[in-house]
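Step one of this worksheet: look at the structure below.
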Amino acid sequence: MEKFDAIVIGSGAGGSVMAHQLSLKGLRVAVIEKGKRENPILFEHSEVEMFPQLYKNAGLQSSKDNALTIAQGCTVGGSTVINNAIWLRPDLDKILPEWEKAGATVPKNELIKIYGILEKALRVKPIDPQKANRGADIFMRGCQELGIPASYLDNNREECLCCGWCNYGCRYNRKTSMLVTFIPWAEKLGAQFLDECIDTQILTNGKRATGVQFYRQGSLQQIYADKIVVSCGAIGSSALLLQSGIALGGRVGRGFHMLGGVFVTAETMETINGYDGIGLTCYAKASEDYVIESYFAPPVVFSISVGGFFRTHFERMMNYCKYADAGVMIATDPTGVITLDKKGNAVIDIKYTDTDLSRLKEGIKTLSKIFFRGGAVKVLPSSFNIIEFGSENDLNSIDTLVKRPEDLTIGSAHPQGGNAMCEDSRKGVVGLDFRVHGYDNIFVADTSVFPTNIRANCQATAMAMSYYAASFVAAS
Ligand SMILES: Cc1cc2nc3c(=O)[nH]c(=O)nc-3n(C[C@H](O)[C@H](O)[C@H](O)COP(=O)(O)OP(=O)(O)OC[C@H]3O[C@@H](n4cnc5c(N)ncnc54)[C@H](O)[C@@H]3O)c2cc1C
Ligand code: SF4
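Counting in our numbering, the sequence shown runs from 272 upward without gaps.
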């Protein structure tokens, strides 16, 4: 019978930092991961190859009504392996009071100290504008023309070669993802990472977890530990608790939310080869209602987001070298719900409300203005029916052309919530010590504990919260 001090389920931003912290504190740690461990040198510059290899549901995870796609990693290192390496601290002066109101008190000074430690460890620094794709120039110029504050973001990369393939794994190890940082660091301290573990369940005896069971390489395995930490990410962690029979009277899975939106593409007269250089680079602080970030995608994702059918789509793709791209994202309220279907798979019930949609449309108008002022000749929001703006005068047409969320191609890479932290055991899923209410030794540490939306890219806060959680887990 294999016994550990702690088992961490999930090896993404939250799970890897947790495994490292617990190992540093002298605990014997096992990490159970659903995805496969990849050798970075084998990451291909091919979306078709890499989506099934690195993404959950091959990149096709969607909401119950299929109106929204939600991208997450499924590999050792989790979403950090496929993310854009943007490091963004949220506005804690806004977020923490909202959390406090929701019953989740997290000390600001402690978080600030932890962000600093992680930033040093992951070598976080501002993006070098020379390494950004040239679409960033158009974006920044437009913001300047409009007087919208904008800047290059911070990133966790070291000597980046600017190939632009971050969303499919960095084969050159220039992105300091968990796969090349906290995972090998934890392993050096003795942590064991087991990949390709499926149908994982937490084993419980009354209010105490005793271990986990899972299938690996065709056989059912059980391992045991004094502490279990669930770090399967938003959606995954709620699903795992439910699959283990932990529902807390229907509270597990409730309060799911996301930061998501649409891509908006700008056609220019020049050949700017937007694929050449780092994709996500700049941020425009235009409104509290939405987040705008510049971006560029390799051809398959670009071809899906640019929209149009048959001839229109073909003609749009022929201009691939002349486009700049960016995204508008809005933060939804925590009204989504994660449940299980008959087969035990997660069902994601989340909808954009009318308010969400009107914020998104306002964001699209602002971003389109940024692009026109930056030199674009045409702007194409990612939509089901063909929408093209030829000038700023056309922007209000979106109010009549877009009536429902399904009229736009909406996606998110920042799902959050579902296992909300709340001191009140009748309301939340985990307490202020990240322990699942009603259980002695089961903890959750990842984006699923965020009670309300952080309105920022999530990796920094997923890691910081997990680092903070580790001291409670170790002390329990
Ligand atoms: C394409 C993309 C780009 C992004 N870009 C950025 C960015 O530039 N900056 C930023 O801040 N954020 C970015 N993010 C988001 C960021 O990476 C995530 O918010 C962060 O990694 C979440 O951490 P987590 O620990 O909650 O989950 P994850 O990192 O997703 O880790 C969860 C892990 O749990 C595993 N798992 C799930 N279910 C099970 C199970 N039942 N058993 C075992 N293992 C399981 C998963 O396979 C995964 O490895 C991006 C995300 C994506 C998808
Ligand atoms: S752009 Fe830089 S960090 Fe991203 S995959 Fe290429 S070399 Fe790696």
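The beta-carbon is built from N, C-alpha and C at its ideal position, and this holds for glycine as well.
For residue i, three-class secondary structure by DSSP
{"i": "Y591", "result": "helix"}
{"i": "K613", "result": "coil"}
{"i": "K372", "result": "helix"}
{"i": "F705", "result": "coil"}
{"i": "L339", "result": "strand"}
{"i": "Y739", "result": "helix"}
{"i": "K307", "result": "strand"}
{"i": "A602", "result": "strand"}
{"i": "G297", "result": "coil"}
{"i": "A684", "result": "strand"}
{"i": "V395", "result": "coil"}
{"i": "F721", "result": "coil"}
{"i": "F585", "result": "helix"}
{"i": "F312", "result": "Residue 312 is actually Ile in this sequence, not Phe. Helix."}
{"i": "V533", "result": "strand"}
{"i": "L465", "result": "strand"}
{"i": "S350", "result": "helix"}
{"i": "Q714", "result": "The sequence as given places Phe at residue 714; Gln does not occur at that position. Looking at F714 - three-state DSSP - the assignment turns out to be strand."}
{"i": "S333", "result": "strand"}
Inter-residue Cα distance where the pair is residue i and residue j
{"i": "F705", "j": "K593", "result": "48 Å"}
{"i": "R246", "j": "E538", "result": "Limits of the chain in this structure are 272 at one end and 747 at the other, which puts residue 246 out of reach."}
{"i": "S508", "j": "I601", "result": "23 Å"}
{"i": "R445", "j": "K402", "result": "13 Å"}
{"i": "E430", "j": "G504", "result": "29 Å"}
{"i": "D625", "j": "C553", "result": "28 Å"}
{"i": "I398", "j": "G349", "result": "23 Å"}
{"i": "I621", "j": "A691", "result": "16 Å"}
{"i": "I725", "j": "H528", "result": "10 Å"}
{"i": "P311", "j": "F453", "result": "15 Å"}
{"i": "G548", "j": "R405", "result": "8 Å"}
{"i": "W456", "j": "M449", "result": "9 Å"}
{"i": "M276", "j": "E467", "result": "Reading off the sequence, residue 276 comes out as Asp, not Met. Approximately 21 Å between the Cα atoms of the pair."}
{"i": "S282", "j": "C414", "result": "38 Å"}
{"i": "H584", "j": "S558", "result": "32 Å"}
{"i": "P722", "j": "D362", "result": "15 Å"}
{"i": "M749", "j": "V648", "result": "Because the chain is modelled from 272 through 747, residue 749 falls outside the range shown and cannot be assessed."}
{"i": "Q492", "j": "G550", "result": "41 Å"}
{"i": "H685", "j": "V535", "result": "18 Å"}
Proximity test, residue i beta-carbon vs ligand 4 heavy atom, cut-off 7 Å
{"i": "D596", "result": "Of the ligands this structure carries, namely ligand 1 and ligand 2, none is ligand 4."}
Contact test: residue i Cβ vs ligand 2 heavy atom, cutoff 7 Å
{"i": "W436", "result": "yes"}
{"i": "C431", "result": "yes"}
{"i": "I549", "result": "yes"}
{"i": "A356", "result": "yes"}
{"i": "Y443", "result": "yes"}
{"i": "K446", "result": "yes"}
{"i": "R428", "result": "yes"}
Residues bridged to residue i [DSSP beta-bridge criterion]
{"i": "Q484", "result": "Q472, Q493"}
{"i": "Y566", "result": "D596"}
{"i": "C553", "result": "Y423"}
{"i": "E538", "result": "Y594, K649"}
{"i": "H237", "result": "No answer is possible for residue 237: the residues shown for the chain start at 272 and end at 747."}
{"i": "G607", "result": "F527"}
{"i": "R479", "result": "N476"}
{"i": "I280", "result": "I303, V501"}
{"i": "M692", "result": "V701"}
{"i": "Y326", "result": "G344"}
{"i": "W456", "result": "Note: W456 sits in no beta bridge, so no partner."}
{"i": "G275", "result": "Looking at the sequence shown, residue 275 is not Gly but Phe. According to DSSP, which records beta bridges pairwise, F275 is partnered with A496."}
Distance cut-off 7 Å: residue i Cβ against heavy atoms of ligand 1
{"i": "K305", "result": "yes"}
{"i": "T718", "result": "yes"}
{"i": "G507", "result": "yes"}
{"i": "C345", "result": "yes"}
{"i": "L491", "result": "no"}
{"i": "S502", "result": "yes"}
{"i": "C553", "result": "no"}
{"i": "A407", "result": "no"}
{"i": "G349", "result": "yes"}
{"i": "Q730", "result": "yes"}
{"i": "I353", "result": "yes"}
{"i": "S565", "result": "no"}
{"i": "G286", "result": "yes"}
{"i": "L685", "result": "This sequence places His at residue 685; Leu is not what is there. Checking every heavy atom of ligand 1 against the Cβ of H685, one is found closer than 7 Å."}
{"i": "L331", "result": "no"}
{"i": "T481", "result": "no"}
{"i": "C468", "result": "yes"}
Residue ranges of each alpha helix (DSSP H) run of no fewer than 4 residues wholly in the segment 397 to 454, ordered along the chain? 406 to 417
Output the residue ranges of the alpha helix (DSSP H) runs that lie fully inside the segment 618 to 678 and measure 4 residues or longer, sorted by chain position. 625 to 645, 669 to 672
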